[in-house]
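*Asks:* full-length UniProt numbering puts the first residue of the sequence shown at 1, with every later residue one more than the last.
What follows is a structure written as structure tokens; I'll ask about it next.
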Amino acid sequence: MSNNTVIKQRSAESDTATPVIAVRGVTLRFGGLVCLSDVELTLNRGEILAVIGPNGAGKTSLFNSLTGVYVPQEGSITLNSANGSTHALLGQKTHVVNKLGLARTFQNIRLFGALTALENVKIAAETRQRTGPVSIMLGLPNARRAERASDRRAHNLMEFVGLGDKINELASSLSYGDQRRLEIARALATDPQVLLLDEPAAGTNPTEKLELAELIRHINAELGISVLLIEHDMRLVMSVAHRVTVLNFGKVIASGTTAEVQRDPAVVEAYLGAEMAAEMLDAQAQEEE
């Protein structure tokens, strides 16, 4: 990816000791069903943190709690902005959370299929415009400038995610892997501090998974965006994550580096299985050589 496709260059010198998201004692219940139980999680600024666990472990419930879809009954969720301000996210509306700096993708792709790829991204970019409806309707100079700015941003983001040659194609006509990239571009268009990716590799082939891993690393390193990742593909997790948190039955059972988590007996028993854990450790050893 060339320098001219980078949308917003943030410092590559990230302070990984500074929490950008802090989840403390979060418990989420639906009637008698406990989806999250006293969950503790910290995403540090400039970090890629993966959240893994078996189906039904509470991963998507955690994302929904972070983004205002669900409101946990107990605990706190805070966002520490780059400007030094702190925001309580618990109970905030989804659009407010997004404006504060969190953007997400979904396990099931949610694009406007009848619109072009560029239009999908441009809609998201326009959420950051400060022009009012009257300026837009009257075509005032500030509205025209904002329109040009969102158009440039959408074009640049399409280049950044590798879809620069497909801007005029309908979103519904793109391959599954390209739709995943488009959804990420749309999330980036809202200028987030934190990007939440909910199983971005689901349904993709091995080549697309490798390209996705590279894109996630570029988003983190070049744009300085902290990434919180839910993913079942352990090879992808191992290749991009700085740390891993493991959920099982709504509880955190382990947290640490990929190597530490792979060796944790509770994780092996609940999720990985001895054979997969050994295979991943061997693959990691080969990469380090």
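Backbone N, C-alpha and C define an ideal beta-carbon position, used for all residues, glycine too.
When we look at the beta-carbon of Thr60 and count the other beta-carbons within 10 Å, is it buried (16 or more) or exposed?
*Replies:* Buried: at least 16 other Cβ atoms inside 10 Å.
*Asks:* Excluding the 5 residues preceding and the 5 following Ala124 in the sequence, name in chain order all residues of the same chain whose CB lies nearer than 6 Å to its CB.
*Replies:* Closer than 6 Å at the Cβ level, and outside the excluded window around Ala124, lie Arg186, Ala189 and Thr190.
*Asks:* For Met158, tell me which candidate among Thr67, Thr116, Ser172 and Phe249 has the shortest Cα-Cα distance.
*Replies:* Nearest option by C-alpha distance: Thr116.
*Asks:* Inspect the beta-carbon positions of Leu118 and Ala154 and report whether they are closer than 7 Å.
*Replies:* Closer than 7 Å, so yes.
*Asks:* With which residues is residue 291 paired in a DSSP beta bridge?
*Replies:* Examination of residue 291 is not possible in this model, given that the chain is present from 1 through 289 alone.
*Asks:* If you check the beta carbons only, do Asp198 and Phe30 fall under 7 Å apart?
*Replies:* No, the pair does not count as a contact, with Cβ atoms beyond the cut-off.
*Asks:* For Ala266, which residues of its own chain have a beta-carbon under 7 Å away from its beta-carbon, when the five flanking residues on both sides are left out?
*Replies:* Hits under 7 Å: Ile253 and Ala254.
*Asks:* Between Phe106, Asp233, Arg235 and Ala259, which has its C-alpha nearest Arg243's C-alpha?
*Replies:* Comparing Cα positions, the closest option is Ala259.
*Asks:* What is the DSSP secondary structure of Leu215, counted as helix, strand or coil?
*Replies:* Helix, per DSSP.
*Asks:* Pick helix, strand or coil for Val161, following the three-state DSSP scheme.
*Replies:* DSSP places Val161 in coil when its eight states are reduced to three.
*Asks:* Of all the options Asn248, Thr86, Glu231 and Ala241, which has the alpha carbon lying nearest to the alpha carbon of Gly46?
*Replies:* The shortest C-alpha separation from Gly46 is found at Ala241.
*Asks:* Taking Cβ positions, are Val26 and Pro54 nearer each other than 7 Å?
*Replies:* No, Cβ-Cβ distance for Val26 and Pro54 is not below 7 Å.
*Asks:* With a CB to CB cut of under 7 Å and the five nearest residues on each side skipped, what residues in its chain are close to Gly91?
*Replies:* Closer than 7 Å at the Cβ level, and outside the excluded window around Gly91, lie Val71.
*Asks:* Using alpha carbons as the reference points, say which of Asp38, Glu40 and Asn44 lies closest to residue 329.
*Replies:* Lying outside 1 to 289, the shown extent of the chain, residue 329 is not represented and no answer is given.
*Asks:* Using 8 Å for Cβ pairs, my map puts Val97 next to Thr67. What's the rounded Cβ distance?
*Replies:* Contact holds; Cβ gap of about 5 Å.
*Asks:* Taking the straight line between their C-alpha atoms, what separation do you get for Asp15 and Glu214?
*Replies:* Only weak support is given to the placement of Asp15: the predicted model assigns it a pLDDT of 45, under 50, and the question is left unresolved by the model.
*Asks:* Identify which residue in Glu40, Ala22 and Ile21 has its Cα closest to the Cα of Gly250.
*Replies:* Of Glu40, Ala22 and Ile21, the residue nearest in Cα terms is Glu40.
*Asks:* What are the boundary residues of the beta strand (DSSP E) that includes Gly256?
*Replies:* Here the beta strand (DSSP E) through Gly256 covers Lys251 to Gly256.
*Asks:* Can you find the residues in the same chain that come closer than 7 Å, C-beta to C-beta, to Leu138, ignoring five residues on each side of it along the sequence?
*Replies:* Low confidence applies here, because Leu138 scores a pLDDT of 48, under 50, leaving its location unreliable; read the following figure in that light. Cβ neighbours of Leu138 beyond the five flanking positions: none.
*Asks:* Rank Asn83, Leu28 and Ile48 by C-alpha distance to the C-alpha of Gly256 and give the top, closest one.
*Replies:* The shortest C-alpha separation from Gly256 is found at Ile48.
*Asks:* State the beta-bridge partners of Ala57 as determined by DSSP.
*Replies:* None, per the DSSP bridge assignment.
*Asks:* Taking buried to mean at least 16 other C-beta atoms within 10 Å of its own C-beta, is Lys166 buried or exposed?
*Replies:* Counting Cβ neighbours within 10 Å, Lys166 comes out buried, since at least 16 surround it.
*Asks:* Under DSSP, the alpha helix (DSSP H) around Glu231 begins and ends at which residues?
*Replies:* Premise fails: Glu231 is in no alpha helix (DSSP H) and is neither H nor E.
*Asks:* Taking the alpha-carbon positions, what's the Ala103 to Ser37 distance?
*Replies:* Straight-line Cα distance between these residues: approximately 24 Å.
*Asks:* Just the C-alpha distance for Leu196 and Gly101, rounded to the nearest angstrom, thanks.
*Replies:* C-alpha separation (whole angstroms): 11 Å.
*Asks:* Can you tell me whether Glu269 is buried or exposed? The criterion is at least 16 other CB atoms within 10 Å of its CB, across all chains shown.
*Replies:* It counts as exposed.
*Asks:* Am I right that Gln193 and Ile225 are in contact with their C-beta atoms under 8 Å? What's the rounded C-beta distance?
*Replies:* Yes, Gln193 and Ile225 are in contact; Cβ-Cβ is about 7 Å, under 8 Å.
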